[in-house]
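Note that the protein sequences, when read in sequence, are chains D and W. Under the UniProt record's numbering, think of the first position of the first sequence as 1, with each following residue one higher. Under the UniProt record's numbering, think of the first position of the second sequence as 1, with each following residue one higher. All remarks here apply to the structure that follows.
Number of protein chains: 2
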Amino acid sequence: MSERAQVSAFVERAAELDAADGLAALRKRFVLDDVVYLDGNSLGALPVEVPGRVEDVVRRQWGEMRIRSWDESGWWTAPERIGDRIAPLVGAAPGQIVVGDSTSVNVFKALVGAVRLAGEGRDEILVDATTFPTDGYIAASAARMTGCELRPVDPDELSSALGPRTAAVLLNHVDYRTGRLYDLPSLTSAIHAAGALAVWDLCHTAGALPVGLDEHGVDLAVGCTYKYLNGGPGSPAYLYVRADLQDRFDSPLPGWNSHAEPFAMSSSYEPAPGALRGRVGTPDILSMLALEAALEVWDGVSVEDVRAKSLALTDFFLECVAAYVPEGRVESVTPAAHAERGSQVALRCADAGAVMKRLIDNGVVGDFRHPDILRFGFTPLYVGFADAERAARVLAETLG
Amino acid sequence: MSERAQVSAFVERAAELDAADGLAALRKRFVLDDVVYLDGNSLGALPVEVPGRVEDVVRRQWGEMRIRSWDESGWWTAPERIGDRIAPLVGAAPGQIVVGDSTSVNVFKALVGAVRLAGEGRDEILVDATTFPTDGYIAASAARMTGCELRPVDPDELSSALGPRTAAVLLNHVDYRTGRLYDLPSLTSAIHAAGALAVWDLCHTAGALPVGLDEHGVDLAVGCTYKYLNGGPGSPAYLYVRADLQDRFDSPLPGWNSHAEPFAMSSSYEPAPGALRGRVGTPDILSMLALEAALEVWDGVSVEDVRAKSLALTDFFLECVAAYVPEGRVESVTPAAHAERGSQVALRCADAGAVMKRLIDNGVVGDFRHPDILRFGFTPLYVGFADAERAARVLAETLG
Chain D
1 MSERAQVSAF VERAAELDAA DGLAALRKRF VLDDVVYLDG NSLGALPVEV
51 PGRVEDVVRR QWGEMRIRSW DESGWWTAPE RIGDRIAPLV GAAPGQIVVG
101 DSTSVNVFKA LVGAVRLAGE GRDEILVDAT TFPTDGYIAA SAARMTGCEL
151 RPVDPDELSS ALGPRTAAVL LNHVDYRTGR LYDLPSLTSA IHAAGALAVW
201 DLCHTAGALP VGLDEHGVDL AVGCTYKYLN GGPGSPAYLY VRADLQDRFD
251 SPLPGWNSHA EPFAMSSSYE PAPGALRGRV GTPDILSMLA LEAALEVWDG
301 VSVEDVRAKS LALTDFFLEC VAAYVPEGRV ESVTPAAHAE RGSQVALRCA
351 DAGAVMKRLI DNGVVGDFRH PDILRFGFTP LYVGFADAER AARVLAETLG
Chain W
1 MSERAQVSAF VERAAELDAA DGLAALRKRF VLDDVVYLDG NSLGALPVEV
51 PGRVEDVVRR QWGEMRIRSW DESGWWTAPE RIGDRIAPLV GAAPGQIVVG
101 DSTSVNVFKA LVGAVRLAGE GRDEILVDAT TFPTDGYIAA SAARMTGCEL
151 RPVDPDELSS ALGPRTAAVL LNHVDYRTGR LYDLPSLTSA IHAAGALAVW
201 DLCHTAGALP VGLDEHGVDL AVGCTYKYLN GGPGSPAYLY VRADLQDRFD
251 SPLPGWNSHA EPFAMSSSYE PAPGALRGRV GTPDILSMLA LEAALEVWDG
301 VSVEDVRAKS LALTDFFLEC VAAYVPEGRV ESVTPAAHAE RGSQVALRCA
351 DAGAVMKRLI DNGVVGDFRH PDILRFGFTP LYVGFADAER AARVLAETLG
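What follows is the structure, encoded as structure tokens:
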């Protein structure tokens, strides 16, 4: 088949797949242009609901109602209310998630909390060696401040690393570089079999695939909201503490927002029941309510459908890349097996930094990850099959 | 003098004082209505610059430029850039303040950092007993996690409490209930004389009076930005680390944003030089850039002038209250001496909660603090003398 015929065939297939896509209508709920935006795993696109909501929060709730909005506009309860909105996306019943602070701060709360829940005699924290760096840095601090030792491990060798000293294990559900998905159910089981607590970082899975926190008995989890949840730049992160652990969850950041009676202004600390115990200080309302508006896109959307589309998109993209890009120019480091693939494709490529610059100049936005990775994130809510085909075609032209 | 003549005289004086007020023109830079807003020490009013800026951040920077804005819209450097904007308001040279996280989280960073800077053999943290509760709760956690003992002390008895075991002292510059201003220079000196580090909470002074962090050799400081700095509900807090301590500042929250080379994604942690070391995770851009716009109000404004007006306002309000309110109905718990007064007046009053509700219904917004305090905050940028007179008059009517 000629190159032109090959392209025509893929373009035609893309059009058919887009026409059959039950999620395709969601694209119009985002502000998008003619760029192929494959960086939603770094910063999700702007949902059309958000600007109007933010304007209302600023002009009316802050500007006109001012201090009254803490009660009357629901500011005070936003962290747990928005947590409950995220809950179904990660397979959690209500009352277990609060939104607030950065992912890093939540990793600290979760890991220190996990070590304290693990109890006496357990003095080791395991963290995946390939993790997004902040998790490792914060885990080192949590270990130092709880008298634990930190051991980086390859998640594939976790079972041999687990032992009677293990207090907690921090794992990323998807590796931010390779896009590899780890087996949360079996790793959580192995951690529990060793008597330790499982802390999962969901930054690269929440909103991209079913997580099943409750179903799989995860102990604590954290995640950001600015990737597949489209909450906006630096929007607040979240903390999940499983319901039956909440009474014993002992936060290292017991700010007044986590007090049982915050406005009693008592000098003695008494933690609130439930997920509220994970709150710290005054929530940043502008960012938080922008996120709340962004989450409305999810009404009536099934995460299973999102996952099915995500796999179809990354399959199709890999197929186009294999067909279009000359042999040997790129190598996928993202697993081919569906069970091991997140919602991104990472291609190893010589001179990846410069290549990504050219791709962006040519209307395909992914990102470069040190030292040699081209990273393409597929957000099923707004990326279509024609986007995937075009991205592969532009990549081939850029490398050609 | 008849009651009516008395009111007329105060109204006339208020008009004269407002006419002579060099800061009066700033009022039009805020969104205000005919309410007397004396709750700017809880949530500052909306600066007129903010809505348009936020709209631009949402629609153009996020919606159109998306991920490029981290560089091209200056998102990445916002924490230190906005820190430098706050610096002159608290008497700090550039390069010592970063904005981000909540006050509670910054108290944790500052106190743990201070204990580590104090070095071996010092294992006690002192905290003012009357402090805003979150400072005490977080100080208890910092003490627990650094092997220190926490001792609440009355700031008036600080010098007898200081000793060779004291590592750090956390003090509020102004007491949130009484409005009492503590003597930062002399208390800092006493702390230093004992070989300990001084950590100041500036929530109730930044933007209301000169602080002089550098001049008085304060070691670390934190503060919120939603009171006298008008950054918006839950806008990010800040951390000051004095320049000569930065190289040894050892943060308990070493997130990737505080790394010397964050995008190297190195598995080993190497702290950034300077104030950046106080950063943690990804900054919440919407709230942060709203704050940046809010701070533009301060261009060309002298904090000394703000302080002079603040004292004149609270003096005048107290004078009106004394004249209007029947003897014995309220008692000021705010010190009469200027050197001991912040920018609020706290009146003890029977049934204060219900009284404040009626005041608010009658167009005078202050707040109630448990158990018996009516709190009136005076933000010199937008509160005038006529407001002070009217507030006292409505208070007298409400109690009458």
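Beta carbons are placed, not taken as given, at the ideal position from N, Cα and C, and that holds for glycine. The model shown is predicted, which means the values in this text are computed figures rather than measured ones.
Of the candidates W:R180, W:I285 and W:G136, the residue whose Cα lies closest to the Cα of W:R151 is W:G136. Boundaries of the alpha helix (DSSP H) around W:V394: F385 to L399.
With a cutoff of 7 Å on beta-carbon distance, W:F10 and W:E389 are scored as near each other. One thing to note: D:V169 has its Cβ no nearer than 7 Å to the Cβ of D:H204. Identification of residues in the stretch 45 to 61 of chain W having a C-beta nearer than 7 Å to some C-beta of chain D yields A45, L46, V50, P51, V54, E55, V58 and R59, given in sequence order. Pairing D:D39 with D:D367 gives a Cβ-Cβ distance under 7 Å.
In the three-state reduction of the DSSP assignment, W:E64 falls in the coil class, being assigned neither a helical nor a strand state. The distance from the Cβ of D:V199 to that of D:L220 is about 5 Å, consistent with a contact at the 8 Å cut-off.
Between D:E124 and D:A167 the beta-carbon gap is near 6 Å, inside 8 Å, which marks them as a contact.
Secondary structure remark: continuous beta strand (DSSP E) runs of at least 3 residues inside the stretch 216 to 255 of chain D, in chain order: 220 to 223 and 238 to 241.
W:F10: member of the alpha helix (DSSP H) spanning E3 to A19, first to last residue. Rounded to the nearest angstrom, the Cβ distance from W:L347 to W:V98 is 37 Å, too far for a contact under 8 Å. Taking the C-beta atoms as reference points, D:P283 is found nearer than 7 Å to D:P79.
Just so you know, the alpha carbons of D:P133 and W:Y240 end up roughly 25 Å apart.
The way I'd put it, the stretch 242 to 259 of chain D does touch the stretch 91 to 110 of chain W; three or more beta-carbon pairs between them come closer than 8 Å.
At a beta-carbon threshold of 8 Å, the residues of chain D lying near W:Y37 are R66, ordered along the chain. One thing to note: D:A143 has its Cβ no nearer than 7 Å to the Cβ of D:V222. For D:E55, the enclosing alpha helix (DSSP H) covers residues E49 to D56. Annotation for D:L313: the continuous alpha helix (DSSP H) segment containing it runs V303 to Y324. When the Cα atoms are used, W:G163 and W:R122 turn out to be separated by approximately 9 Å.
Along the stretch 194 to 207 of chain W, none of the residues has a CB nearer than 9 Å to a CB of chain D. D:S332 carries a strand assignment under DSSP once its states are collapsed to helix, strand and coil. The distance from the Cβ of W:E292 to that of W:R85 is about 7 Å, consistent with a contact at the 8 Å cut-off. At a cut-off of 7 Å between beta-carbon atoms, D:Y182 makes no contact with chain W.
Within the same chain, R29, F30, V31, N230, A293, A294, E296 and V297 come within 8 Å of D:P47 by CB-CB distance, once the 5 residues on both sides are set aside.
In the structure shown, D:E149 adopts extended strand secondary structure according to DSSP, grouped into three states.
For D:D101, the C-beta contacts it makes with chain W under 9 Å involve D101, S102, V105, V280 and G281, in order along the chain. Secondary structure note for W:L184: it is in no beta strand (DSSP E), and the uninterrupted alpha helix (DSSP H) holding it is L184 to A193. Distance between W:D71 and D:M356, taken at the CA atoms: about 16 Å. For the pair W:A24 and D:A140, the Cα-to-Cα distance works out to about 52 Å. Note on the stretch 110 to 161 of chain D: whole beta strand (DSSP E) runs with a minimum of 3 residues are 124 to 128 and 149 to 153, in chain order. Excluding its 5 nearest sequence neighbours in each direction, D:T178 has C-beta neighbours in its own chain below 7 Å: V333, T334 and A346, listed in chain order.
The beta carbon of D:L289 sits closer than 6 Å to those of V57, all from its chain and outside the five residues before and after it, given in chain order. Around W:F263, the beta-carbon contacts reaching into chain D at under 7 Å are H370.
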